[in-house]
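**Student:** Could you have a look at this structure, given as structure tokens, before my questions?
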Amino acid sequence: MAPQPEDKARKEAQASRMSPRSLALLCLTYVLASVAGYLATLAGMPLPWMLGPFFLLAAASVLGYVSPIIPMGRELGQVAIGLAVGMRFTPAVLLATAALVPHMVISTLYVIAYTFLAAFLIKPLARIDNVSAFFATAAGGVADMASVSREYGGDPGSVAIVHAMRVALVVAVVPFLVFFLGEHGSVPAGAAAGPVNYLSLAVALLLAYLVAVALKPTPLPNPWLVGPILTGMVLGVSEILVVQVPPVLIIIAQIMLGTWLGCQFKRSLLVRLPRVTFSAMAAALFMIFCAALGALVLSYFGDLPYATSFLALAPAAVTEMVLTAKVMNLDAEIVTAFHVMRIAMVSSTVLLVFKFYMRMKGSHSGSGI
Numbered sequence: 002m003a004p005q006p007e008d009k010a011r012k013e014a015q016a017s018r019m020s021p022r023s024l025a026l027l028c029l030t031y032v033l034a035s036v037a038g039y040l041a042t043l044a045g046m047p048l049p050w051m052l053g054p055f056f057l058l059a060a061a062s063v064l065g066y067v068s069p070i071i072p073m074g075r076e077l078g079q080v081a082i083g084l085a086v087g088m089r090f091t092p093a094v095l096l097a098t099a100a101l102v103p104h105m106v107i108s109t110l111y112v113i114a115y116t117f118l119a120a121f122l123i124k125p126l127a128r129i130d131n132v133s134a135f136f137a138t139a140a141g142g143v144a145d146m147a148s149v150s151r152e153y154g155g156d157p158g159s160v161a162i163v164h165a166m167r168v169a170l171v172v173a174v175v176p177f178l179v180f181f182l183g184e185h186g187s188v189p190a191g192a193a194a195g196p197v198n199y200l201s202l203a204v205a206l207l208l209a210y211l212v213a214v215a216l217k218p219t220p221l222p223n224p225w226l227v228g229p230i231l232t233g234m235v236l237g238v239s240e241i242l243v244v245q246v247p248p249v250l251i252i253i254a255q256i257m258l259g260t261w262l263g264c265q266f267k268r269s270l271l272v273r274l275p276r277v278t279f280s281a282m283a284a285a286l287f288m289i290f291c292a293a294l295g296a297l298v299l300s301y302f303g304d305l306p307y308a309t310s311f312l313a314l315a316p317a318a319v320t321e322m323v324l325t326a327k328v329m330n331l332d333a334e335i336v337t338a339f340h341v342m343r344i345a346m347v348s349s350t351v352l353l354v355f356k357f358y359m360r361m362k363g364s365h366s367g368s369g370i
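According to my numbering, the sequence shown is numbered sequentially starting from 2.
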């Protein structure tokens with residue numbers, strides 16, 4: 002896929018980020034993001050420090066605003082969030098999570114089923130080929146799905162657009178739905194009480210970062226979030242080092258994530274393939290509806306709050322759903338486990354499901370039409 006104008010402009014901005022103009026633009030971006038987050042808190046918006054920057058920067062990016070972003074800002078934000086979630090694990094929580102493994106497997110099969118149906122929905126709406134329709138709606142990472150789509154003759158551009166719109170719409174809609182459900186949980190915000198020990202916190206964050214780096218070459222999904230979660234679990238359960246991640250660090254992490262998400266929402270998504278873009282919105286709404294229905298069953302049989310079940314089944318990136326659960330004091334550990342199971346199962350079965358899909362469409366798996 003040829004680089005889009007915004008991609009080139011952003012790379013040029015990153016390459017010259019040491020120039021005074023670029024540094025000023027970088028500072029302006031994060032000042033605006035922080036102001037947007039603060040205004041979102043005044044407006045009573047759910048997840049304000051992420052959604053405020055996301056909405057502002059998405060709108061600005063669509064209008065052509067291009068800015069460098071802090072290198073590894075999203076990854077470092079995930080490290081802080083992952084550590085905070087990992088520190089909430091206790092032996093009792095681990096046992097409760099392990100008991101839900103059958104529910105995780107069945108729920109993942111349900112997610113695969115409704116994303117499978119979404120491929121049938123988006124193909125006629127977007128007028129794209131079979132290969133692109135399948136990988137555009139598969140519950141995997143955008144980079145992986147676009148790459149595999151190319152190998153089988155699909156259009157990686159269409160795949161990338163649909164995934165970007167799905168993530169953007171889910172991030173924009175699901176926190177509001179969870180908020181309006183009124184199910185703020187009672188899970189403690191942190192594993193430790195009292196004042197923050199910043200030396201211990203720095204050590205824990207460094208360990209979490211090093212674990213994430215070590216896990217990057219492995220098949221483990223999203224090492225920047227899962228690695229720190231595992232680090233927090235080991236430190237907290239063993240009581241080697243129990244730390245409290247301060248709320249201000251979680252706010253900074255939200256700003257980093259929201260800014261990154263907003264800057265990915267490029268104008269080319271709307272102007273390059275407008276039919277695909279709006280069809281992607283319809284498919285995303287369909288998947289959100291399916292997740293909401295499935296959450297009714299999961300909450301009943303899994304004895305989980307409905308909001309937790311909804312976040313566990315939502316067709317979005319694990320980081321944003323885990324963050325939503327954490328900020329609302331829901332079971333972020335349970336949400337994490339469901340999404341990690343989903344990523345692992347989808348990654349290992351996506352080609353088998355693809356072949357079945359192509360047979361149903363009367364095409365060979367190597368043919369896009």
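Virtual Cβ for every residue (Gly too), placed ideally from N, Cα, C.
Check each candidate in ARG167, VAL298, ALA205 and name the one with the smallest Cα separation from PHE287.
**Tutor:** For PHE287, the nearest C-alpha among the options comes from ARG167.
**Student:** Looking at C-alpha atoms only, which residue of VAL172, PHE117, LEU211 is the closest neighbour of LEU262?
**Tutor:** Nearest of VAL172, PHE117, LEU211 to LEU262, Cα basis: VAL172.
**Student:** Rounded to a whole number of angstroms, what is the C-alpha to C-alpha distance between PHE121 and VAL163?
**Tutor:** When rounded, the distance between both Cα atoms is 14 Å.
**Student:** So which of THR98, LEU208, MET146 has the shortest CA-CA distance to VAL80?
**Tutor:** Nearest option by C-alpha distance: LEU208.
**Student:** Per DSSP, what kind of secondary structure is MET88 in: helix, strand or coil?
**Tutor:** It is coil, neither helix nor strand.
**Student:** Could you have a look at LEU221 and say whether DSSP puts it in helix, strand or coil?
**Tutor:** If DSSP states are grouped into helix, strand and coil, LEU221 belongs with coil.
**Student:** Determine the direct distance from the alpha carbon of SER300 to that of PRO69, and round the result to whole angstroms.
**Tutor:** Cα to Cα, PRO69 sits roughly 42 Å from SER300.
**Student:** Can you tell me whether MET361 is buried or exposed? The criterion is at least 16 other CB atoms within 10 Å of its CB, across all chains shown.
**Tutor:** Its Cβ having fewer than 16 others within 10 Å, MET361 is exposed.
**Student:** Could you compute how far the alpha carbon of ARG89 sits from the alpha carbon of LEU331?
**Tutor:** Cα to Cα, ARG89 sits roughly 11 Å from LEU331.
**Student:** Just the Cα atoms here: how many angstroms apart are ILE289 and GLY158?
**Tutor:** Approximately 23 Å, taken between the alpha carbons.
**Student:** Classify ALA213 as buried or exposed, calling it buried when 16 or more other Cβ atoms lie within 10 Å of its own Cβ.
**Tutor:** Classification for ALA213: buried.
**Student:** How would you label ALA114, buried or exposed, when you count the other beta carbons within 10 angstroms and need 16 or more for buried?
**Tutor:** Exposed: under 16 other Cβ atoms inside 10 Å.
**Student:** If you draw a straight line from the C-alpha of ALA194 to the C-alpha of VAL106, how long is it?
**Tutor:** Below a pLDDT of 50, predicted positions are generally treated as unreliable, and ALA194, at 48, falls in that range; the measurement from the model is reported next regardless. If I take the Cα positions, the gap works out to 35 Å.
**Student:** Would you mind stating whether TYR358 and PHE117 have Cβ atoms separated by less than 8 Å?
**Tutor:** The answer is yes: Cβ separation under 8 Å.
**Student:** Where does ASP145 sit, in a helix, a strand or coil, going by DSSP?
**Tutor:** Helix, per DSSP.
**Student:** Nearest chain C C-beta to ASP145 closer than 8 Å, yes or no?
**Tutor:** Absence of chain C from the displayed structure is noted, only one protein chain being present.
**Student:** Check each candidate in VAL277, GLY38, PHE302, VAL347 and name the one with the smallest Cα separation from ALA127.
**Tutor:** The shortest C-alpha separation from ALA127 is found at VAL277.
**Student:** From which residue to which residue does the alpha helix (DSSP H) around ALA315 run?
**Tutor:** Where ALA315 is concerned, there is no enclosing alpha helix (DSSP H), given that its DSSP letter is neither H nor E.
**Student:** Tell me which residue opens and which closes the alpha helix (DSSP H) that PHE117 is part of.
**Tutor:** 102 to 127 is the span of the alpha helix (DSSP H), which, as asked, contains PHE117.
**Student:** Hey, out of ALA215, ALA292, VAL197, LEU236, whose CA is closest to LEU250's CA?
**Tutor:** Residue VAL197 is the option with its Cα nearest to LEU250.
**Student:** Below 8 Å on the Cβ atoms is my contact criterion, and I expect ILE335 with ALA313 to pass it. Report the Cβ-Cβ distance as a whole number of Å.
**Tutor:** Contact flag correct, Cβ pair sits at about 6 Å.
**Student:** If you compare alpha carbons, which of PHE302, ARG151, GLN245, ARG268 is closest to LEU202?
**Tutor:** The shortest Cα separation from LEU202 among PHE302, ARG151, GLN245, ARG268 belongs to GLN245.
**Student:** For PHE135, count neighbouring C-beta atoms within 10 Å of its own C-beta (all shown protein chains included) and say buried if the count is 16 or more, exposed if not.
**Tutor:** Buried, since its Cβ has 16 or more Cβ neighbours within 10 Å.
**Student:** Going by C-alpha to C-alpha distance, which of TYR31, THR260, LYS356, THR309 sits closest to MET51?
**Tutor:** Of TYR31, THR260, LYS356, THR309, the residue nearest in Cα terms is THR260.
**Student:** Pull up the distance between the alpha-carbon of ASN223 and that of ALA317, whole angstroms please.
**Tutor:** Going from the Cα of ASN223 to the Cα of ALA317 covers about 13 Å.
**Student:** What does the alpha-carbon distance come out to for the pair HIS104 and SER23?
**Tutor:** Using only the alpha carbons, I get a separation of about 49 Å.
**Student:** Rounded to the nearest angstrom, what separates LEU48 and ALA93 at their Cα positions?
**Tutor:** Whole-angstrom Cα-Cα distance: 28 Å.
**Student:** What is the residue span of the alpha helix (DSSP H) that GLY259 lies within?
**Tutor:** 248 to 265 is the extent of the alpha helix (DSSP H) around GLY259.
**Student:** Output the distance between the C-alpha atoms of ALA296 and LEU101, rounded to the nearest integer angstrom.
**Tutor:** The straight-line gap from Cα to Cα measures roughly 14 Å.
**Student:** Please classify MET342: does DSSP put it in a helix, a strand, or coil?
**Tutor:** DSSP places MET342 in helix when its eight states are reduced to three.
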